[in-house]
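K.L.:
Just passing along the structure, written as structure tokens.
Numbering (this note's numbering), first residue to last: 213 to 470.
This is the structure:
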């Protein structure tokens with residue numbers, strides 16, 4: 213089968229969502245399918261809305277020699293209206309990979325209303341879904357007010373092939389040594405690093421250290437606020453911000469975490 217995958221930017225982007233997409237491509241290719249990755253450049257939300265009226269993007273997608281087009285739901289602002297024109301031209305099934313809904317994030321009410329309206333129109337424009345969790349599936353069904361065709365494909369488990377066993381982890385967690393914690397994810401509001409820090413600040417009976425591994429540039433204002441909280445709380449010596457790490461070093465860091 214010939215499969216198209218539409219994303220923003222590069223498939224090598226460091227995030228859980230893009231890792232999921234890469235794993236999907238690898239799986240399809242090992243099954244003998246041919247996958248063509250198509251990209252739209254990253255811009256701001258308003259500019260992405262204008263993509264719906266771009267003859268260039270419509271032609272690019274319509275000319276793909278594929279049997280099915282999979283779209284990362286992240287691209288929804290570029291596709292909520294364009295998908296309808298694309299279906300008229302090709303008739304190919306459109307499937308959306310949904311990692312989360314933008315309208316479920318914390319924004320001012322007027323922004324959430326805008327995002328919810330655009331997302332709903334996009335979700336109604338596709339033929340099926342791939343969800344990363346049952347929770348995400350429920351969010352989509354709540355958005356469009358009805359049941360939908362889709363499959364939940366949970367993210368893969370241990371991609372590092374660690375040799376540490378569950379028994380070893382339990383033993384280390386019960387030792388009197390300092391608790392070693394690793395936060396793995398881009399430093400953005402929906403990842404909840406602020407919630408983790410608030411909980412750790414209340415721990416008084418056990419020593420702990422936190423390693424934050426993830427990009428600090430996706431939401432620089434939020435990252436600066438987090439670092440200010442760490443400084444003002446007097447826990448700077450307990451929290452280290454590493455930024456993104458290459459796979460080999462990240463594997464070692466995860467193995468050291470309690």
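Don't be surprised by glycine CBs; every beta carbon is placed ideally from N, CA and C.
Taking 8 Å as the threshold, find out whether the region 255-271 comes into contact with the region 333-348 through three or more Cβ pairs.
P.N.:
no
K.L.:
What residue range is occupied by the uninterrupted alpha helix (DSSP H) comprising residue 268?
P.N.:
Position 56 of the chain shown holds residue 268. Where residue 268 is concerned, the enclosing alpha helix (DSSP H) stretches over 267-274.
K.L.:
Should the region 351-361 be regarded as contacting the region 377-391, the criterion being three or more beta carbon pairs within less than 8 Å?
P.N.:
Contact between the region 351-361 and the region 377-391 is absent, with fewer than three C-beta pairs closer than 8 Å.
K.L.:
Quick check on residue 242: buried or exposed, where buried means 16 or more other Cβ atoms within 10 Å of its Cβ?
P.N.:
Looking up residue 242 in the chain shown gives position 30. Answer is exposed; the Cβ neighbour count stays below 16.
K.L.:
Tell me which residue opens and which closes the alpha helix (DSSP H) that residue 322 is part of.
P.N.:
Reading the chain shown from its first residue, position 110 is the one you call residue 322. Looking at the DSSP string, the run of the alpha helix (DSSP H) that includes residue 322 is 321-335.
K.L.:
Start and end of the alpha helix (DSSP H) containing residue 290?
P.N.:
As a first step, residue 290 is located in the chain shown; it is residue number 78 there, counting from the start. Where residue 290 is concerned, the enclosing alpha helix (DSSP H) stretches over 288-291.
K.L.:
What residue range is occupied by the uninterrupted beta strand (DSSP E) comprising residue 454?
P.N.:
In the chain shown, the residue the question calls residue 454 occupies position 242. No beta strand (DSSP E) holds residue 454; DSSP gives it neither H nor E.
K.L.:
So, do the region 413-432 and the region 441-456 have three or more beta carbon pairs nearer to each other than 8 Å?
P.N.:
yes
K.L.:
Just the C-alpha distance for residue 312 and residue 229, rounded to the nearest angstrom, thanks.
P.N.:
One-based indexing of the chain shown puts residue 312 at position 100. One-based indexing of the chain shown puts residue 229 at position 17. If you take the alpha carbons of residue 312 and residue 229, they lie about 9 Å apart.
K.L.:
Can we say the region 402-414 touches the region 435-444, given the rule of at least three CB pairs closer than 8 Å?
P.N.:
yes
K.L.:
Inspect the CB distances between the region 295-305 and the region 318-329 and report whether three or more fall short of 8 Å.
P.N.:
no
K.L.:
Just how far apart, CA to CA, sit residue 448 and residue 381?
P.N.:
As a working note, residue 448 is residue 236 in the chain shown. As a working note, residue 381 is residue 169 in the chain shown. One C-alpha to the other measures close to 26 Å.
K.L.:
Starting from residue 383, trace the alpha helix (DSSP H) in both directions and tell me its first and last residue.
P.N.:
As a position in the chain shown, residue 383 is number 171, starting the count at 1. Residues 378-385.
K.L.:
Where in the region 390-459 do unbroken runs of the beta strand (DSSP E), each at least 3 residues long, occur, reported from the N-terminal end onward?
P.N.:
Counting only runs of 3 or more, we get 391-396, 420-425 and 451-453.
K.L.:
On the DSSP bridge list, what partners appear for residue 284?
P.N.:
As a working note, residue 284 is residue 72 in the chain shown. Under the DSSP definition of a beta bridge, residue 284 partners with 309.
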